[in-house]
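Asker: There's a structure below that I have some questions on.
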Amino acid sequence: MTVSAKTVSASAIHDHTYKVFPNDLNSTETVFGGLIMAILDRVASVVAERHSGRACVTASVDAMHFLQPAKRGDILIFQASMNRSWKTSMEVGVRVLAEDYRTGEKRHMVSAYFTFVAIDQTGSKTPVPAVMPETDAEKRRFAEAGRRRERRCQEAEERRLRE
Ligand SMILES: CC(C)(COP(=O)(O)OP(=O)(O)OC[C@H]1O[C@@H](n2cnc3c(N)ncnc32)[C@H](O)[C@@H]1OP(=O)(O)O)[C@@H](O)C(=O)NCCC(=O)NCCS
């Protein structure tokens, strides 16, 4: 079955917000990293499912670095968009900002790349639409995703050789 290409804007999430409350904090009074990872996985999977029109599973997450902490009362802003797709897999880029509502200052907390695989009704991997990048930023992310994919394939091959 052929699946027609889709734009990045058709599935992007620009500002999913989450208000930090005291029960979101770890023992150093900053936001628990696992909470952010779980929300990111959900937000990114919405992008993958919108793009593919299929249920999607998380295949991998490239390294996730927490650059800055978020604090009690901050507003977390989650952004996610489709960078590129291949046969059955898709790379979604994610970014989290922490906003101080008193000053409006926004700090970059985390960026990462999730890979999802689309699954059909029988549980098998299934083809996904190509991505049509339109803006300069989308075209840059599309090209960079290709380089990351090459690295992932190389790492997968190295893992296979070690097994
Ligand atoms: C992800 C999964 C579907 C891949 O299945 P598989 O049979 O190993 O897949 P294949 O080697 O045939 O690869 C299928 C696609 O996934 C990609 N892929 C597989 N493993 C990957 C990884 N670790 N990172 C990135 N991409 C990966 C392949 O490059 C391929 O992409 P393409 O079809 O676009 O070329 C399977 O390993 C799985 O079901 N894992 C568990 C997923 C899960 O439970 N996630 C957490 C809860 S949602």
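Its first residue numbered 1, the sequence shown is counted upward by one per residue in our numbering. Yeah, the Cβ is synthetic: ideal placement off N, Cα and C, and Gly gets one too.
Return the residue from the list R84, V57, G93 that minimises the CA-CA distance to F78.
Answerer: Minimum Cα distance to F78 is reached at G93.
Asker: Rounded C-beta distance between I75 and E105? I'm assuming under 8 Å.
Answerer: That pair is no contact at about 11 Å.
Asker: Going by Cα to Cα distance, which pick from F116, T7, G73, R54 is closest to T103?
Answerer: The shortest C-alpha separation from T103 is found at G73.
Asker: Looking at D41: is its Cβ nearer than 8 Å to the Cβ of F32?
Answerer: No, these two residues do not count as a Cβ contact at 8 Å.
Asker: For F21, count neighbouring C-beta atoms within 10 Å of its own C-beta (all shown protein chains included) and say buried if the count is 16 or more, exposed if not.
Answerer: Exposed.
Asker: By alpha-carbon positions, which one of I13, H108, T58, E29 ends up nearest to F196?
Answerer: Only positions 1 to 163 of the chain appear in this structure, which leaves residue 196 out of reach.
Asker: Measuring only the C-alpha atoms, how far is C56 from M37?
Answerer: Taking the straight line joining both Cα atoms gives about 17 Å.
Asker: In or out: N83 buried (at least 16 other Cβ within 10 Å) or exposed?
Answerer: By the 10 Å Cβ count, N83 comes out buried.
Asker: Could you spell out where the beta strand (DSSP E) holding F142 opens and where it closes?
Answerer: From DSSP, F142 is part of no beta strand (DSSP E) but of the alpha helix (DSSP H) over 136-162.
Asker: If we count the other Cβ atoms within 10 Å of its Cβ and call it buried at 16 or more, is V134 buried or exposed?
Answerer: According to the sequence displayed, residue 134 carries Glu and not Val. Answer is exposed; the Cβ neighbour count stays below 16.
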